[in-house]
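The next block holds one structure in the form of C-alpha cells; read it before the comments.
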Amino acid sequence: MSVTEAETVSVAEWLFAQPALNLSVSENAIEWDNTVALIELMVPGKAEALSYLNSNGSAPLRYAHVVVDHRATTEPYLVDLLVGPLPIQNGTIRYEPLTYPYTKSAGGRVRNLDADSETMSAWFYNISASIADITQELWGGMATGGDEDSLDLWGIDPPWQDDGRIIRWTAFWNLPTSDFDVETLLPLGLYFKADVTGRDPAGWSVEGWFYNGIFYSTTEELRSAFFSPDFVKLPPDEDGLWIQTGQRGPVPPLDTAYPPTMVAPSGSRFFVDEQQQYVKWMDFEFYLGFSRDIGLSLHDIKYKGQRIIYELSLQEAIAHYAGQDPMQSGTAYLDSFYGFGPYAFELVKGYDCPPHATYLNSSFYVRETTHTHTDSICLFEMDAPYPMQRHSTASYVSAAKNVYFTVRTVNTVGNYDYMFSYEFYMDGIIDVNVRASGYIQAAYFANNHDYGHQIHDALSGSMHDHVLNYKIDFDVLGTANTMIATTLVPATETYPLQKPTPVRESIASEDSSRLLWGANGATQYTVVNTDQPNSYGEPRGYRILPSLGTAHLTVQDSSNIVNAANWATHDIYITRQKDSEPRAAHPYNSQDVFDPPVDFAQFFDGRVCCRRIWSFFTTSHSGVQVMPLNYLEGDPSMESVHQVKIEYEAGAVGEVETFGQPESSCQAEWWGYKGDSVVRKFPYAPGEVYYETEDVG
Numbered sequence: 191m192s193v194t195e196a197e198t199v200s201v202a203e204w205l206f207a208q209p210a211l212n213l214s215v216s217e218n219a220i221e222w223d224n225t226v227a228l229i230e231l232m233v234p235g236k237a238e239a240l241s242y243l244n245s246n247g248s249a250p251l252r253y254a255h256v257v258v259d260h261r262a263t264t265e266p267y268l269v270d271l272l273v274g275p276l277p278i279q280n281g282t283i284r285y286e287p288l289t290y291p292y293t294k295s296a297g298g299r300v301r302n303l304d305a306d307s308e309t310m311s312a313w314f315y316n317i318s319a320s321i322a323d324i325t326q327e328l329w330g331g332m333a334t335g336g337d338e339d340s341l342d343l344w345g346i347d348p349p350w351q352d353d354g355r356i357i358r359w360t361a362f363w364n365l366p367t368s369d370f371d372v373e374t375l376l377p378l379g380l381y382f383k384a385d386v387t388g389r390d391p392a393g394w395s396v397e398g399w400f401y402n403g404i405f406y407s408t409t410e411e412l413r414s415a416f417f418s419p420d421f422v423k424l425p426p427d428e429d430g431l432w433i434q435t436g437q438r439g440p441v442p443p444l445d446t447a448y449p450p451t452m453v454a455p456s457g458s459r460f461f462v463d464e465q466q467q468y469v470k471w472m473d474f475e476f477y478l479g480f481s482r483d484i485g486l487s488l489h490d491i492k493y494k495g496q497r498i499i500y501e502l503s504l505q506e507a508i509a510h511y512a513g514q515d516p517m518q519s520g521t522a523y524l525d526s527f528y529g530f531g532p533y534a535f536e537l538v539k540g541y542d543c544p545p546h547a548t549y550l551n552s553s554f555y556v557r558e559t560t561h562t563h564t565d566s567i568c569l570f571e572m573d574a575p576y577p578m579q580r581h582s583t584a585s586y587v588s589a590a591k592n593v594y595f596t597v598r599t600v601n602t603v604g605n606y607d608y609m610f611s612y613e614f615y616m617d618g619i620i621d622v623n624v625r626a627s628g629y630i631q632a633a634y635f636a637n638n639h640d641y642g643h644q645i646h647d648a649l650s651g652s653m654h655d656h657v658l659n660y661k662i663d664f665d666v667l668g669t670a671n672t673m674i675a676t677t678l679v680p681a682t683e684t685y686p687l688q689k690p691t692p693v694r695e696s697i698a699s700e701d702s703s704r705l706l707w708g709a710n711g712a713t714q715y716t717v718v719n720t721d722q723p724n725s726y727g728e729p730r731g732y733r734i735l736p737s738l739g740t741a742h743l744t745v746q747d748s749s750n751i752v753n754a755a756n757w758a759t760h761d762i763y764i765t766r767q768k769d770s771e772p773r774a775a776h777p778y779n780s781q782d783v784f785d786p787p788v789d790f791a792q793f794f795d796g797r798v799c800c801r802r803i804w805s806f807f808t809t810s811h812s813g814v815q816v817m818p819l820n821y822l823e824g825d826p827s828m829e830s831v832h833q834v835k836i837e838y839e840a841g842a843v844g845e846v847e848t849f850g851q852p853e854s855s856c857q858a859e860w861w862g863y864k865g866d867s868v869v870r871k872f873p874y875a876p877g878e879v880y881y882e883t884e885d886v887g
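Going left to right, the sequence shown walks through residues 191 to 887 as the numbering used here numbers them.
Quick look at the structure:
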C-alpha cells in the first residue's frame, strides 16, 4: 500500500524535469517557488481491486498521487496530481489533475492560505514589537521574533474566511522556561486581529485588540487605555513544577516494587509479512496501509477466510473549541492538515505496547525526503482481565480465556497524543478505539467561567469537542449488503402487558442515512447480506455499535469550519460505495471552508443500496465496535484450547479438563478450587466447616 523507494525517486526526478511545473528543491525554495509537497501511492479504485483479488483479473496499474505547492503566483494554490503509470517509462508516463475524488470543481486545486507563513510571522512579530513596552510591563518579556524573546505568538486555525477577506486572530503565549512542551498551558490573555488578505504585506492591517473582555479597535486605543490609571492588569500563566510531568510527591506504598506485566511464553502467535504488509492472527487476516494524511489503515479484512471489511480507516479528526476570547472561539483544528502519518513516532516499549510486542516501521514522503519512523506500529496479543465466557454450577465451573490481538500506533499531532488501537477478538468482534493524552490547549481564565473551570492561578479549561471520523467499507460475504435498523419499541398486546417489539427497517436511501445512536440503545444498526442467510434463514451480518462514549459535534452551523467537516453532525452515516468518494475529508479542507475539496454533505444524493459506513466518536477514550450478528452458528471461542472445566464436590476437585493446552510456568493452579465453605449459625458450630454449593438459598 505504498510506493517503493525506487518509484519515489523516479517520480521525483521526472517531475523536476517537467518545465511546466517550474519546480524548486524545497530546501532552497522561497515563498514564491513551486515545490513537491507529497508523493504517495494512489490507491486504486475498488472495482479494479476486487477484480484482481476475487477474479484473478489483471493487477491495477500503479499511479502516484502527487501534491504540488504552487506559490509562483499571486494566488498560490495546492494541486493534487495523478502521475503514472508506474514504473516510469518514457512515452507512457503523464501527469494530470486529480479531480474525481473531490466535490470541489477546481481542477484538483485549493488555495494555500499558508503560502506566506514566514513573511506573515515576521509581520506579526513587528506588530507585537510595537507594544513591547506594554508586554514588558505586563509580563516582563517581549515577542519580537528574536532569540531573546520570552513570549510567543500563534493563533486561530483555520483563519476566518469571510466575504473574501482572510482574518487571523493571534494570541500571546509565555514560552516555557523548562524543556517541557507546555506552551499550550501558558496563555496570556492578549489577542490582536489582523486582515491578511492577499500576498502583499502592504495591504495587511491590524483590525483591533482584545484584553480582559474589552475590544480595542486600534493599537493607539489599546495603548491609551493601558497607561490610564483604571486599566486592570491581569497575572500571567507561567511555567513551573505544577505543569510538568515526571514523578513528584510522596511515593505510594509498595509502588517501588515492579508491577504485574504480560509475557508471551511461547513467543508470537501471529504472522507478519513486512514486505507485503500482511498480518494473520487466528481466523483474522488483513493488510496494513500507511499514509501522510491519516496514518495507519487496514484493508481486505477477512474472518474465517471470508472478507467482511474492504477498508477500515481514520478519515479525519476535529478539535472544535469554544470560549469568550477570539482564540478559543475561533479555533477548530482539522488534524489531517498537519497529517497523522508524520507524527507516528517511535513507540515506548513496555508503556505504549507490552514488552513482547512485534514492531514495524512506517514511512512518508516530505519535501524530497522519505522519513522513516522506527518501531512506530506495534502488534501484540493480550489476555483480557476477564474471560470470553464462563459459567458456574453446583458441580463444575468452566471458563474460556479472552485473548485478543491489537494493532496500535500513537500519533502526536500538536499537543495531543492519539493512541489508535484496532482490536480483534476470537468471537469475530473488531473494536476500534482511541485514547487521547498530552497537554490540553487551555484558555486564559479571565471571563471564561461559562466555557471552562479555572484550573490554575490564571488558567481555565477550554470547552471543546474531539470528534474522529472512521470509514468502514463493509463487504459481508460479498458486496451486495444492506443496512438494517432494528428498533425495540413498546407494544400493547391483547393482554395487559407491554413488551419490547422489534421493528426492522432497511435504510433504502441516502436521504435517510444520516443517523444518531438510538436512545437507551434501543436501535441496532446491522450490515447484512440477504443473499447469504444462515441455516435458519436469518441474514448473516455485522452489527455496528458504540463500544465507549461517543458523541457528534456539539457546535451547530459552525462559522469556523462551515462546510469543511460536514461528517461531524451525526453519529453514523451510510452511503453507497463509489470510487469517486474514497474519503470523507481532504487535508486542505481548512483552506477554503465554504467550498472545500471534499464536502461530505454532497455524498448524500438519494442513492439506494447503502452499505458503506462512516462512523465517528470522541472523548478522551472512545470507540466503535463491529460485532457478528447471525453470522456464525456457534461460539467460535469454543475452538480455542485455552479453556478450563473444573469438576468438584465437597470441597475437593475431582477433575480438571484443559483441552490439550500446553503446560506453562505461568499457568494458574486449579486443583485448589473448593466451592462454598459453610459454617452453621444455629445451632452455632464454628468448628464444623463443610463445603456445600448446591443449596445457596
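Don't be surprised by glycine CBs; every beta carbon is placed ideally from N, CA and C.
Distance, residue j Cα to residue i Cα
i, j, result
"G405", "L424", "According to the sequence provided, residue 405 is Phe. The question's Gly does not apply to it. Their Cα atoms are separated by approximately 16 Å."
"H760", "A791", "11 Å"
"F595", "S248", "33 Å"
"A207", "R284", "12 Å"
"S340", "I317", "16 Å"
"E882", "F872", "16 Å"
"L205", "Y533", "27 Å"
"V624", "D607", "10 Å"
"D647", "D427", "7 Å"
"F794", "R704", "9 Å"
"V597", "A590", "23 Å"
"S867", "P876", "12 Å"
"L678", "R580", "28 Å"
"M828", "N820", "17 Å"
"Q851", "S456", "12 Å"
"Q833", "E613", "21 Å"
"I734", "Y763", "11 Å"
"Q496", "L667", "6 Å"
Beta-bridge partners of residue i, as assigned by DSSP
i, result
"I356", "Q351"
"G287", "Note that residue 287 is Pro in the sequence shown, not Gly. P287 pairs with L271."
"A384", "R358 and V396"
"M572", "Y594"
"V846", "I836"
"D342", "W363"
"S696", "I674"
"F460", "Answer by DSSP bridge pairing: none, since F460 is not bridged."
Where residue i falls: helix, strand or coil (DSSP)
i, result
"T765", "strand"
"Q466", "coil"
"K236", "helix"
"V300", "strand"
"M817", "strand"
"A333", "coil"
"T808", "The predicted model places T808 with a pLDDT of 45, which falls under 50 and marks its position as unreliable; any figure quoted below should be read in that light. Strand, per DSSP."
"P189", "Outside the displayed range of the chain (191 to 887) lies residue 189, so it cannot be described from this structure."
"G479", "strand"
"E373", "helix"
"M890", "What the structure shows of the chain is the stretch from 191 to 887, and residue 890 is not part of that stretch, so it cannot be assessed."
"R870", "coil"
"I321", "coil"
"D701", "helix"
"Y726", "coil"
8 Å contact criterion, which residue i and residue j should meet: CB distance rounded
i, j, result
"L272", "Y242", "Between Y242 and L272 the Cβ distance is about 19 Å, and since that is not below 8 Å, they are no contact."
"H561", "F554", "6 Å"
"Y629", "N605", "5 Å"
"N719", "N671", "6 Å"
"V258", "L211", "6 Å"
"T194", "I229", "Going by Cβ atoms, the distance from T194 to I229 rounds to 11 Å, so no, they are not a contact pair."
"Y468", "D665", "At roughly 18 Å, the Cβ-Cβ gap does not stay under 8 Å, so Y468 and D665 are not in contact."
"V372", "D323", "Not confirmed; about 27 Å, so no contact."
"F784", "V752", "5 Å"
Interface flag, residue i vs chain C, CB-CB below 8 Å
i, result
"I404", "In summary, chain C is missing from the structure at hand, where a single protein chain is found."
Review point. Going along the chain, which unbroken runs of the beta strand (DSSP E) with 3 or more residues stay wholly within the segment 607-665?
Key: Here the runs fully enclosed are 620-628, 644-646 and 654-664.
Review point. Can you give, in chain order, each stretch of the beta strand (DSSP E) that sits fully within the segment 416-453 and has at least 3 residues?
Key: Whole beta strand (DSSP E) segments, 3+ residues: zero.
Review point. At what residue ranges does the segment 492-559 contain a whole run of the beta strand (DSSP E), taking only runs of 3 or more?
Key: At a cut-off of 3 residues, the continuous stretches assigned as beta strand (DSSP E) that sit fully inside the segment 492-559 are 496-511, 522-524 and 548-556.
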